[in-house]
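Participant: Each residue of the sequence shown is one higher than the last, beginning at 0 in numbering that gives the first Met the number 0.
Virtual Cβ for every residue (Gly too), placed ideally from N, Cα, C.
Just so it is clear, the structure is predicted and the values come from calculations on it, not from any experiment.
The structure that follows is given in the form of C-alpha cells.
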Amino acid sequence: MPIQSRPEITILQIIAPLIVALVFIAFCSLFKEPNRRNFSALMISGAGAAYLNGGLLGWEFVFCTVMTGVAYWGLKDYRFIGIGWLLHTAWDTVHHLYGTPIVPFVPLSSFGCAICDPALALWYFQGAPSIFSWFRKVEGDRSTDRL
C-alpha cells in the first residue's frame, strides 16, 4: 500500500471538524437517557463500518469486529463509546497516512475525522452530559448572583 500525496492542511481543516463535533454533541444532547447512550452506541458501530471500502483489505473486517464489540459494551457504559472514538481516531490516522480516506473524493476526510473523534471521546469520557444542562447551571449561577 503506497503512501500517496495529500493536499496541504489549512486552519479550516482543523477548525471545521471541531465544529462538527460540537454540532454532534448538541444533537446528541437532545436525547434523554438511556436513548442518548443507545444512539451513541449505534453511531460508534456505524463508524466502525465506515471504512469497509477495502483500503486496508482484511484489517477492515478485524477493525469492524472490534468496534462492534465496543459498541455492544457501550450500550451499558459511555467509557466504551469513548474508547471506540479513540480507536476510530487511530484508524482515521492510518487511512490518512496511506491515502485511503473515509470519503474517497475528499482527500482530507480521514484527517478531519481524526480531529473530530477525540473531541467526541472526551465528551463521552465525561459521561456525555447534555450541553443544555451546562447552560441551565450557568443561568442558575447568574440568578444567585443577583440576590
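1) Output the distance between the C-alpha atoms of Trp72 and Glu7, rounded to the nearest integer angstrom.
2) Would you check if the region 19-28 and the region 118-131 touch, i.e. whether three or more CB-CB distances between them fall below 8 angstroms?
3) Using a Cβ-based criterion (distance less than 8 angstroms to any ligand heavy atom), does Gly45 qualify as near the ligand NAP?
4) Please go through the same chain and pick out, in chain order, the residues whose beta-carbon is closer than 6 angstroms to the beta-carbon of Asp116, but skip the five residues on each side of it.
5) Excluding sequence positions up to five away, which residues of its chain have a Cβ less than 7 angstroms from the Cβ of Ile130?
6) Identify, in the order they occur along the chain, each residue of the same chain with its Cβ nearer than 6 angstroms to the Cβ of Gly110, setting aside the five sequence neighbours on each side.
Facilitator: Judging by the given coordinates:
1) Going by the C-alpha atoms only, they are around 38 angstroms apart.
2) Enough Cβ pairs lie closer than 8 angstroms, so yes.
3) This structure does not include the ligand NAP; it has no bound ligands of any sort.
4) Within the same chain, Asp116 has close Cβ partners Trp84, His87, Thr88.
5) The residues are Ile24, Ala25, Ser28.
6) The amino acid at residue 110 is misidentified as Gly; the sequence shows Phe. The beta carbon of Phe110 sits closer than 6 angstroms to the beta carbons of His95 from its chain, once the five residues preceding and following it are set aside; these are given in chain order.
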